[in-house]
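These notes are about the structure you will find just below.
Number of protein chains: 2
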Amino acid sequence: MRKVAESTVRRLSLYLRFLEEFAARGVATVSSGELASRGGTTSAQVRKDLSFFGSFGKRGMGYAVPEMVAQLREILGLARRWRVALLGAGKIGSALIEHRGFRERGFDIVAVFDQDPRKIGTAWNGLTVQDEAGLEAALRRAPVEIAILAVPSDAAQGLADRLTGLGIAAILNVAPVQLVVPPHVEVRTVSLAMELEGLSFALTNR
Amino acid sequence: MRKVAESTVRRLSLYLRFLEEFAARGVATVSSGELASRGGTTSAQVRKDLSFFGSFGKRGMGYAVPEMVAQLREILGLARRWRVALLGAGKIGSALIEHRGFRERGFDIVAVFDQDPRKIGTAWNGLTVQDEAGLEAALRRAPVEIAILAVPSDAAQGLADRLTGLGIAAILNVAPVQLVVPPHVEVRTVSLAMELEGLSFALTNR
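Chains as they are written, first to last, in this note's numbering: chain G, 4 to 209; chain R, 4 to 209.
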């Protein structure tokens, strides 16, 4: 498959959400125009985004909603479940683990780690917080495909190295730091503080 | 000023964080190479990013750390404080309001709103949860510059319209939905569930 831009993948996620809503309301077909208006983009962009993945719908007929939901779920890797480890049992981690949306989309947080002795061993939404020192042993025993790094900035790179060493190829990083990882490892960095700075930049420089 | 890409602004935020660490350790100058290696980019990119904003440092001399911290804070709009309203007193909102990092960077959450009668009137980190129905009156009485939308997807657009109507031009949206706003309004959408889908896409399509 051709290289697909992150922005395209993000729009596919948005389209899928709208299509699922349509499906729940029993709508059989949608036009690219309807998808576009909900996705904040143009019909041409919708058609281009979908063209990466073969043919969807017929010209003038719109897209068949249930079929497209199934295809997009397949494309996005959501037709299966993913095992996720959470590193960092702090406030953000806590909000994440209770986030209903993750499980609904197929992401199961199956292990949580921290280095704080006051947290290790405590119960967390049906899980027990494990000692970060035992990360390798624990994840060899019960492997995961995805790790969420919700730790302080200065701890993030070291943990990313250890995760990469374990063969984990997908990291969601919520620390405001750019991780250096081998090319086969996919990292998404999301920092709300940095997004706020993007807004203050925009307000200041207009 | 020329139009600056979001990715550039994000790197400026990263550079600033590194420079602040250097400053705290008493380092007087850094090279573009050092900044680049910490920012996961190249020296050429660092120089290009900074060139948007006039001259920093002298060729071969490196960048003067404290001066550059001050300039980057000015550029990013962090040389002042911002008043922020939080809409949605749920789990994510709760993690946000207790997030030390926001206040440290100059973002003060000064008001919190929800529509759940069980939450309205309760205390929240020194604030009282206000009724979303009274949003306009409350924000006219005590204006804010930035709003964080931490509400369910189907409520996000309606609230964005009301915020825009109040003249708020900067919205951080954590609902997995693309908001439609007038061109002068800056929106950053951050959805951890969507980032996870980006990772499952990458794991599935490689």
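Ideal Cβ placement from N, Cα and C applies to all residues, glycine included. Values in this document were obtained by computation on a predicted structure and should not be read as measured data.
The shortest CA-to-CA distance from A88/G to any of L38/G, G104/G, V115/G is the one to V115/G. In the structure shown, E189/R adopts extended strand secondary structure according to DSSP, grouped into three states.
Contact annotation: V180/G and L17/R have beta-carbon atoms nearer than 9 Å.
Taking 7 Å as the cut-off between beta carbons, the residues of the region 188 to 206 of chain G near chain R are E189, R191, V193, L195, A196, M197, E198, L199, E200, G201, L202, S203, F204, A205, L206, in sequence order. The C-beta distance from A92/G to D117/G rounds to 4 Å, short enough to meet the 8 Å contact threshold.
Unbroken beta strand (DSSP E) stretches of 3 residues or longer found wholly inside the region 70 to 100 of chain G: 85 to 90, given in chain order. In the three-state reduction of the DSSP assignment, G43/G falls in the coil class, being assigned neither a helical nor a strand state. Taking CB atoms only, A173/G has a neighbour in chain R less than 9 Å away.
By the criterion of a C-beta distance shorter than 8 Å, R84/R is surrounded in its chain by G109, F110, D111, once the five residues flanking it on both sides are discounted. The continuous alpha helix (DSSP H) containing D164/R extends over residues 156 to 168. When the Cα atoms are used, I174/G and E198/G turn out to be separated by approximately 19 Å.
In this structure, DSSP gives G124/G a state outside helix and strand, which the three-state scheme calls coil. Using a Cβ-Cβ cut-off of 8 Å, G91/G is close to nothing in chain R; its nearest Cβ partner there is about 12 Å away. Under the 9 Å criterion on CB atoms, G104/R is classed as interfacial with respect to chain G.
Put simply, the CB of K51/R is far from chain G, with every gap to its CB atoms at 9 Å or more. As computed with DSSP, I151/G is found in a beta bridge with L89/G, L175/G. At a C-beta separation below 9 Å, P179/G has these neighbours in chain R: S16, L17, R20, G104. In this structure, the alpha-carbon of V68/G lies about 14 Å from that of L15/G.
Annotation: the continuous beta strand (DSSP E) that includes V132/R extends over 130 to 134. For F116/R, the enclosing beta strand (DSSP E) begins and ends at 110 to 117.
The CB of K122/R never comes closer than 8 Å to any CB in chain G; the least such distance is about 16 Å.
Comparing alpha-carbon positions, the option among F21/G, L162/G, E9/G lying closest to D157/R turns out to be F21/G.
In this structure, V177/R is the residue among V177/R, E139/R, Q133/R with its C-alpha nearest to the C-alpha of A153/R. Here T207/G is not bridged, per DSSP, to any residue. The DSSP-derived three-state label of V180/G is coil. Our two residues, R50/G and S35/G, have alpha carbons roughly 7 Å apart in a direct line.
Of all residues in the region 64 to 81 of chain G, only I78, L79, G80, L81 place a beta-carbon less than 8 Å from a beta-carbon of chain R.
Here G42/R is buried. Its C-beta has 16 or more other C-beta atoms within 10 Å. In the DSSP assignment, V33/G is bridged to Y66/G.
Taking 9 Å as the cut-off, the beta carbon of V72/G is found no closer than this to the beta carbon of E37/G.
Nearest CB-CB separation between T44/R and chain G: below the 9 Å threshold. Across the structure, D134/G and G124/G are spaced so that their CA atoms are roughly 8 Å apart. DSSP places V49/R within a helical segment (H, G or I) once states are collapsed to three. Around the C-beta of H102/G, 16 or more other C-beta atoms lie within 10 Å, and the residue is accordingly described as buried. Sixteen is the threshold: since fewer than 16 other Cβ atoms of the shown chains lie within 10 Å of the Cβ of A47/G, the residue is exposed. CA-CA distance, N128/G to V30/R, rounds to 44 Å.
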